[in-house]
Amino acid sequence: MNPEAQDLPAVPRRYTLATVIHITGIDRATLLEYCEAGLLPVEPARMETAEFDDHLVCTLRQIEFLRETHGVNLAGIRMIHQLLTEVERLRRELRFVREGG
Amino acid sequence: MAVQFQDYYETLGVSRSATDREIKSAFRRLARKYHPDVAKDKRSAEERFKAINEAYEVLSDPEKRRKYDQLGADWKQGAPPPPEGGFPPGGFTPGGAGSPFADFEFDGTGFSDFFEQYFGGREGFRGAAGFGRGGAARSRTAGAQRGADVESDLLVTLHEALKGAVRQLSLRRTDPRTGAGQTDSFRVRIPTGATEGRLIRVPGKGEPGAGGGPPGDLFLRVRLARHPDFRVQGTDLYHDLPLAPWEAVLGATVTVPTLEGTVDVKIPPLSQKGQHLRLRGRGLPAEGGGRGDLLVVLSIVTPDSVTTEERRVWEELAGRSHFHPRRTA
Chain W
74 MNPEAQDLPA VPRRYTLATV IHITGIDRAT LLEYCEAGLL PVEPARMETA EFDDHLVCTL
134 RQIEFLRETH GVNLAGIRMI HQLLTEVERL RRELRFVREG G
Chain V
75 MAVQFQDYYE TLGVSRSATD REIKSAFRRL ARKYHPDVAK DKRSAEERFK AINEAYEVLS
135 DPEKRRKYDQ LGADWKQGAP PPPEGGFPPG GFTPGGAGSP FADFEFDGTG FSDFFEQYFG
195 GREGFRGAAG FGRGGAARSR TAGAQRGADV ESDLLVTLHE ALKGAVRQLS LRRTDPRTGA
255 GQTDSFRVRI PTGATEGRLI RVPGKGEPGA GGGPPGDLFL RVRLARHPDF RVQGTDLYHD
315 LPLAPWEAVL GATVTVPTLE GTVDVKIPPL SQKGQHLRLR GRGLPAEGGG RGDLLVVLSI
375 VTPDSVTTEE RRVWEELAGR SHFHPRRTA
């Protein structure tokens with residue numbers, strides 16, 4: 074065990090828009106573009122006052138990665154995101170059903 | 075670091091030809107015995123409980139079990155090949171641009187290196203293409219590049235999800251150029267109500283940046299440990315309760331487990347198989363406050379054997395009963 078281990082404070086569960094911009098380095102206009110494209114579970118009109126969580130930060134990083142590294146457009150990203158969300162949901166469902174009985 | 079093969083069959087104490095039912099039965103028996111909340115020696119029990127959970131995670135999934143069986147045979151002959159559709163052995167290799175630390179492994183997540191390498195954090199979001207795990211190595215200044223994000227699963231017990239917990243994690247990095255190792259230990263707070271799939275971001279614990287860029291983040295994805303008594307769906311818990319036929323017909327009061335001890339539940343007369351009895355507020359904490367429910371799912375079981383006297387009583391009932399389960403209304 075590292076004797077200089079540094080304890081982290083409790084991870085905040087909710088972030089303001091300004092914090093998300095700081096964490097991800099994504100500007101406000103791009104975030105609005107993502108909201109309007111339906112990539113984020115936030116209504117564009119409420120983006121300024123919305124609360125964001127770690128899941129959304131991870132989603133933003135994934136979007137940026139797909140755009141910058143693979144050149145996927147927003148429609149493609151939306152489809153990929155929906156499919157991955159559905160796979161995760163089905164995995165949970167399958168796990169629940171298998172445990173039954 | 076060498077990855078040690080884990081004999082999951084041995085962990086559960088079952089043969090390699092064990093049926094799904096035998097595996098489930100062995101898991102439930104051992105999980106009850108070694109559950110951290112009931113065992114006397116909590117530290118050793120916790121380690122055993124995690125190992126049991128990991129073994130069951132693989133052996134209860136037909137696809138994972140098939141891969142594991144193939145891997146086991148290869149392991150005995152020497153170095154294990156990568157699993158089908160999987161990734162090469164050699165540790166966690168995010169391979170972010172410019173990062174000198176190509177290999178790193180976690181300790182304290184509740185999963186062994188062996189599991190992580192072959193069944194855990196190398197699927198789906200964390201695929202070889204790096205989606206999610208690779209993250210966006212976004213440039214903030216010319217030449218500086220933020221380190222890639224890292225994603226890993228974190229095994230969380232239902233009691234930890236109920237009460238919240240603090241987990242000690244350690245991250246071992248190996249510089250592939252020099253072979254030098256570096257261990258970074260830190261604590262992570264598991265929030266109350268950590269549901270399956272929830273992400274916990276640990277800032278700055280991903281890959282180091284390049285050219286003076288900041289490190290990436292670590293994203294821990296909550297995986298709820300299997301519990302011998304409960305299934306989880308969202309914030310609701312399900313408990314399967316077997317009843318004798320006469321308990322279902324006549325009604326009864328039975329004791330059922332909850333996360334905070336046992337409660338007595340009244341089974342109404344003429345209960346049916348599959349019927350749900352809802353215990354409000356006995357589930358996991360919900361996002362906006364409050365708690366989910368505990369649903370008791372009734373099943374009706376019959377005896378494996380009967381005595382001569384019991385058989386006589388059943389025959390008498392059969393002769394007198396007006397009940398015909400296959401008659402349509």
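Chain order of the listed sequences is W and V. When you line the first sequence up against our numbering, it's residues 74 to 174, in that order. When you line the second sequence up against our numbering, it's residues 75 to 403, in that order. We put the beta carbon where it would ideally sit given N, CA and C, even for glycine. Values in this document were obtained by computation on a predicted structure and should not be read as measured data.
Of all C-beta pairs linking the stretch 299-313 of chain V to the stretch 121-139 of chain V, three or more are shorter than 8 angstroms, placing the two stretches in contact. Among the bridge pairs identified by DSSP, residue 239(V) is matched with 264(V). In the DSSP assignment, residue 225(V) falls within the beta strand (DSSP E) that extends over 224-230.
For residue 307(V), the chain W residues whose Cβ falls inside 9 angstroms of its Cβ are 165, 166, 169, in order along the chain. Here DSSP, grouped into helix, strand and coil, assigns residue 135(W) to helix. Residues of the stretch 262-278 of chain V whose Cβ lies closer than 8 angstroms to any Cβ of chain W, in chain order: 262, 263, 265, 270, 271, 272, 273, 274, 275, 276, 277.
The Cβ atoms of residue 248(V) and residue 255(V) sit closer than 8 angstroms to each other. Distance from the CA atom of residue 149(W) to the CA atom of residue 331(V), rounded to whole angstroms, is 47 angstroms. Residue pairing of residue 181(V) in beta bridges, as defined by DSSP: 244(V). Not flagged as an interface residue toward chain V: residue 115(W), since no C-beta distance is shorter than 8 angstroms. Proximity to residue 377(V) across 316(V), 245(V), 115(V) peaks at 316(V), based on C-alpha coordinates. Boundaries for residue 398(V): no alpha helix (DSSP H) harbours it, and the DSSP string shows neither H nor E there. Fewer than three pairs of CB atoms, one per stretch, sit closer than 8 angstroms, so the stretch 90-98 of chain V makes no contact with the stretch 147-161 of chain W.
The beta-carbon of residue 106(W) is placed no less than 8 angstroms from the nearest beta-carbon of chain V.
In the three-state reduction of the DSSP assignment, residue 144(V) falls in the helix class. At least one CB of chain V lies nearer than 8 angstroms to the CB of residue 134(W).
Taken residue by residue, none of the stretch 103-133 of chain V has a beta-carbon sitting less than 7 angstroms from a beta-carbon on chain W.
Here residue 232(V) is not near residue 310(V), since their CB atoms are 8 angstroms or more apart.
The contact set of residue 185(V) on chain W, defined by CB atoms closer than 9 angstroms, is empty, because the minimum CB distance reaches about 16 angstroms. When the five nearest sequence neighbours on each side are left out, the beta carbons in the same chain lying within less than 8 angstroms of the beta carbon of residue 373(V) are those of 314, 315, 316, 317, 347, 348, in order along the chain.
Residues of chain V whose Cβ lies closer than 7 angstroms to the Cβ of residue 159(W) do not exist, since the nearest Cβ in that chain is about 11 angstroms away.
Burial state of residue 340(V) is exposed, judged by a 10 Å Cβ sphere holding fewer than 16 other Cβ atoms. Close to residue 189(V), with beta-carbon spacing below 8 angstroms, lies no residue of chain W; the smallest spacing is near 16 angstroms. From the listed residues 117(V), 120(V), 125(V), 78(V), the smallest Cα separation to residue 146(V) is found for 78(V). The three-state reading of DSSP puts residue 354(V) in coil, since its state is none of H, G, I, E or B. Within chain W, 131, 134 have C-beta atoms less than 8 angstroms from the C-beta of residue 223(V), given in sequence order.
Between the C-alpha atoms of residue 353(V) and residue 221(V) there is a straight-line separation of about 47 angstroms.
Residue 115(V) counts as exposed, since fewer than 16 other beta carbons sit within 10 angstroms of its beta carbon. When DSSP states are grouped into helix, strand and coil, residue 259(V) belongs to the strand group. For residue 154(W), no Cβ of chain V is located within less than 8 angstroms of the residue's own Cβ. Spanning the alpha carbons of residue 86(V) and residue 246(V) requires a straight line of approximately 29 angstroms. Counting only residues of its own chain and dropping the five nearest sequence neighbours on each side, residue 388(V) has a CB closer than 7 angstroms to the CB of 380. Interface with chain W (8 angstroms Cβ-Cβ cutoff): residue 79(V) is excluded. Residue contact check for residue 100(W) against chain V: no CB pair falls below 8 angstroms.
Secondary structure of residue 304(V) (DSSP, three-state): coil.
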